[in-house]
Amino acid sequence: MNRILVTGGAGFIGSHLCERLLKDGNEVICLDNYFTGAKRNIIHLMDNPYFELVRHDVCSPYFAEVDQIYNLACPASPVHYQYNPIKTVKTSVMGALNMLGLAKRVNAKILQASTSEVYGDPTVHPQVESYWGNVNPIGERSCYDEGKRCAETLFVNYHKQNHVKIKIIRIFNTYGPNMHPCDGRVVSNFIVQALQNKDITVAGNGMQTRSFQYVDDLIEGMVRMMDTADDFTGPVNIGNPGEFTILELAEKVISLTHSKSKIKFIPLPSDDPMQRKPDISLAQEKLNNWKPTIHLEEGLERTIEYFKKILDI
Ligand code: NAD
Ligand code: UDP
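Under the working numbering, think of the first position of the sequence shown as 362, with each following residue one higher.
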């Protein structure tokens, strides 16, 4: 049994990870400041004596004897990370410093939830880990993109300088149950709008692409990455290479929900990446043939069921 710290554990991905780690027979400390997370996501785990909940902000140091750390604390939706950009940078950078400091002190293995956003608006397609990216350092998204890039820098240097056992994964757009109905990201927005027969807000002309990964596939990849040999640090892309335009996503959601919603075009936010698709060859090679198994339609159906339940539809 490992004692595992999950920062951002009450968030969308963190809550699924806590559940999986407990199921695998570990002891889990879930740390969160509830900025975008919710107790509702982890309430079903509260009765488990091997689950512990800590209200804490990763911008301040935290001390605990643990064997592994999954560092997920950071708002991930553009709406929420742009709400207080300075805080977003602090969370990424100071959070990484504090968690790496802890990993160093207690000799824990630490995994960083990095992002496809380190590639910015990519000029290489699909994105491979060796691509350095195309990020505007002073744009609306830079608090998140540059914060995450700096966190990667800290991780590799704690590894080189202090021999901390690190793992970096770059997560591509992930969706599923436990997303907040007001999260603001495209999949949850479209599903909530469709279930309420409201206009579906497609940004720009809807021809920009994303590759959507169902959360269970990500969790499997994350756990496999933590279990790789110490000399493999990543970064490694974890995503589903199926690529769809935002307009295609809108049409799929309308059809799966049998909604009366109409598509409404809204302005494209600045620096919105035009295309995104992971090259997952490295993940397949290093993570025991890992690959996504849940197709978009199946994942959307499961997510729609979740939102029907919480919106009481
Ligand atoms: P989320 O917003 O649902 O979860 C983030 C969690 O971190 C929330 O519970 C929030 O309350 C917590 N948090 C935020 N700031 C904190 C702070 N200062 N101290 C402590 N806790 C704090 O988002 P998510 O989609 O679950 O994302 C989790 C992680 O995965 C993030 O680091 C995100 O950057 C990364 N990621 C997610 C995606 C995706 O598509 N979902 C893609 C790439 C990377
Ligand atoms: N988007 C949209 N309507 C929405 C929310 C988002 O058309 O209501 C678009 C957004 O402009 C982007 C894509 O969907 O092109 C994915 O946005 P999201 O915020 O989910 O994640 P991103 O990959 O941009 O970080």
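Beta carbons are placed, not taken as given, at the ideal position from N, Cα and C, and that holds for glycine.
Proximity winner among the options, relative to residue i (alpha-carbon distances)
i	options	result
Gln569	Thr589, Cys511, Asn598 and Leu629	Leu629
Ala464	Pro639, Leu672 and Ile365	Ile365
Tyr444	His377, Asp544, Ser642 and Gln636	Asp544
Thr476	Thr484, His441 and Ala512	Ala512
Val454	Thr484, Glu507 and Val479	Glu507
Pro602	Pro439, Lys448, Phe573 and Lys623	Phe573
Asn432	Ser620, Asn649, Gly386 and Met583	Met583
Gly567	Arg585, Lys559, Val547 and Tyr575	Val547
Arg416	Pro483, Gly370, Arg510 and Ser616	Gly370
Ala474	Ile671, Thr368, Asp482 and Glu662	Thr368
Thr654	Ser631, Cys379 and Ile599	Ile599
Gly494	Asn518, Cys379, Gln645 and Arg531	Arg531
Gly396	Lys623, Val440, Asn518 and Gln429	First, the amino acid is wrong: residue 396 is Phe here, not Gly. The shortest Cα separation from Phe396 among Lys623, Val440, Asn518 and Gln429 belongs to Val440.
Val427	Tyr442, Asn394, Asn468 and Asp418	Asn468
Asp408	Asp393, Ser620, Ser491 and Leu383	Leu383
Arg663	Val450, Val614, Glu609 and Ser620	Val614
Leu610	Tyr519, Tyr492, Phe551 and Tyr480	Phe551
Thr606	Met635, Ser620 and Ser438	Met635
Same chain, Cβ closer than 7 Å to residue i, neighbours up to 5 away in sequence not counted
i	result
Lys647	Thr589, Phe593 and Val597
Gln557	none
Asn523	Lys465
Pro422	Asn459 and Gly462
Arg585	Leu648, Asn649 and Trp651
Ile641	Asn598, Gly600, Pro602 and Lys652
Asp632	Asp482, Asn497, Gly500, Glu501 and Arg502
Lys559	Ser622
Ala644	Gly582, Val597, Asn598, Ile599 and Trp651
Asp418	Asn394
Tyr442	Pro436, Thr449, Cys504 and Tyr505
Test item: CB-CB of residue i and residue j under 8 Å
i	j	result
Phe516	Leu461	yes
Cys391	Phe424	no
Glu478	Lys448	no
Glu666	Leu617	no
Gly398	Met362	no
Cys420	Gly456	yes
Ile471	Val525	yes
Gly595	Lys669	no
Leu414	Glu380	no
Pro542	Ile671	yes
Ile674	Ile624	no
Contacts around residue i, its chain only, beta-carbon distance under 6 Å, and the 5 residues preceding and following it disregarded
i	result
Ser376	Asn402, Ile403 and Asn539
His656	none
Phe626	Val563
Ser549	Met540
Arg571	Asn534 and Arg637
Cys435	Thr452 and Ser453
Asp591	Lys526
Gly660	Tyr575
Pro446	Cys504
Thr486	Before going further, note that residue 486 is His rather than Thr in the sequence given. Result list for His486: Gln636, in chain order.
Contacts around residue i, its chain only, beta-carbon distance under 8 Å, and the 5 residues preceding and following it disregarded
i	result
Met587	Gln429, Tyr431, Lys470, Leu472 and Lys528
Tyr519	Leu461, Ala464, Lys465, Val525 and Ile527
Pairs of beta-carbons, one from the segment 576-587 and one from the segment 520-536, closer than 8 Å: are there three or more? yes
Counting pairs of beta carbons, one from the segment 490-503 and one from the segment 548-556, are three or more of them closer than 8 Å? no
Extract the residue ranges of the beta strand (DSSP E) inside the segment 621-672, only unbroken runs of 3 or more that lie entirely within it. 624-627
Could you tell me which uninterrupted alpha helix (DSSP H) segments, each at least 4 residues in length, are contained entirely in the segment 446-499, listed from first to last along the chain? 446-467
Which complete beta strand (DSSP E) runs does the segment 490-572 hold, if anything under 3 residues is left out? 527-532, 561-564 and 570-572
Ranges of the beta strand (DSSP E) found wholly within the segment 379-431, counting only runs of at least 3: 388-393 and 412-416
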